[in-house]
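Engineer: Residue numbers (the working numbering): 1 to 167.
In this text, a Cβ means the ideal position worked out from N, Cα and C, and glycines have one as well.
Predicted, not measured: the structure shown is a model, and the values here were computed from it.
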Amino acid sequence: LPPAPDDPPSSSRREVGGWNLVGYLRAELGVGEAARRLSAGLDLTGLPFQQVGVGVSITRSEHEVVGEVSQQLRFRDTIYCVNADMLPLTLAALEHPHRLRTDAHRVGLWFWELAEVPPHMVESIDHVDEIWVGSRFVGEAFARVTDKPVRLVPIPVAEPVPSSVSR
1 LPPAPDDPPS SSRREVGGWN LVGYLRAELG VGEAARRLSA GLDLTGLPFQ
51 QVGVGVSITR SEHEVVGEVS QQLRFRDTIY CVNADMLPLT LAALEHPHRL
101 RTDAHRVGLW FWELAEVPPH MVESIDHVDE IWVGSRFVGE AFARVTDKPV
151 RLVPIPVAEP VPSSVSR
């Protein structure tokens with residue numbers, strides 16, 4: 001049987017040449033802002049990408065988002081801008097049942113405040129091919145628990161717009 005029209009495309013039918021950016025795009029969280037900033041940076045590159053929103057119930061999720069936010073993965077390759085502790089739940093929500101491709105590239109853009117990564121977060125490393133971090137401190141913490149690439153990727157910052165208000 002062919003999939004129903006609203007079924008997400010299986011991973012084998014997802015497009016190549018762009019990225020899914022999965023994150024708390026509407027959440028008023030630091031990791032939500034990181035996803036929005038990365039989205040703005042990707043937009044400036046001209047690289048095809050799709051914003052994929054995931055919900056979070058512990059915070060207000062009414063932040064304005066530029067562009068369309070989908071609930072489905074369009075591309076083969078994905079950047080998960082949700083912390084390692086939430087990655088298994090995010091994967092279950094987006095790819096249930098898991099339809100993984102061996103040629104897909106998955107990146108975790110993760111943040112953590114402590115020098116040691118707890119075991120339940122280490123388990124999430126199995127779901128990604130590399131880890132992006134926003135600081136050397138976080139990078140050192142993850143590098144101690146994996147042989148996978150850990151890359152320092154500064155979060156894009158918008159160019160300031162001068163205020164029209166004078167003194």
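(1) Identify the continuous alpha helix (DSSP H) that holds Arg106 and give its terminal residues.
(2) Please check the pair Leu109 and Ile79, which I expect to be a contact at CB under 8 Å, by giving their CB distance rounded to whole angstroms.
(3) Assign Asp77 to one of two classes, buried (16 or more other C-beta atoms within 10 Å of its C-beta) or exposed (fewer than that).
(4) Reducing DSSP to helix, strand and coil, say where Gly30 ends up.
(5) How is Asp85 classed by DSSP in three states: helix, strand or coil?
(6) Please identify the residue among His127, Gln51, Leu21 whose C-alpha is closest to the C-alpha of Glu68.
(7) Give a yes or no on whether the C-beta atoms belonging to Trp132 and Val165 are separated by under 8 Å.
(8) With DSSP run on the structure shown, which of helix, strand or coil describes Asp129?
Structural biologist: For this structure:
(1) As a position in the sequence shown, residue 106 is number 106, starting the count at 1. Run containing Arg106: none in the alpha helix (DSSP H); it sits in the beta strand (DSSP E), 106 to 110.
(2) Residue 109 sits at position 109 when you count from the first residue of the sequence shown. Residue 79 sits at position 79 when you count from the first residue of the sequence shown. Right, the Cβ-Cβ distance comes to about 6 Å (below 8 Å), so this counts as a contact.
(3) Locating residue 77 in the sequence shown gives position 77, where the first residue counts as 1. So Asp77 counts as buried.
(4) As a working mapping, residue 30 is identified with position 30 in the sequence shown. Gly30 falls in the helix class under three-state DSSP.
(5) Translated into positions along the sequence shown, residue 85 becomes position 85. Asp85: helix per DSSP, three-state reduction.
(6) Your numbering for residue 68 matches position 68 in the sequence shown. Of the candidates His127, Gln51, Leu21, the one whose C-alpha sits nearest the C-alpha of Glu68 is Gln51.
(7) Taking the sequence shown and counting its residues from 1, the one referred to as residue 132 is at position 132. Taking the sequence shown and counting its residues from 1, the one referred to as residue 165 is at position 165. No, Cβ-Cβ distance for Trp132 and Val165 is not below 8 Å.
(8) Numbered from its first residue, the sequence shown carries residue 129 at position 129. Three-state DSSP puts Asp129 in coil, outside helix and strand.
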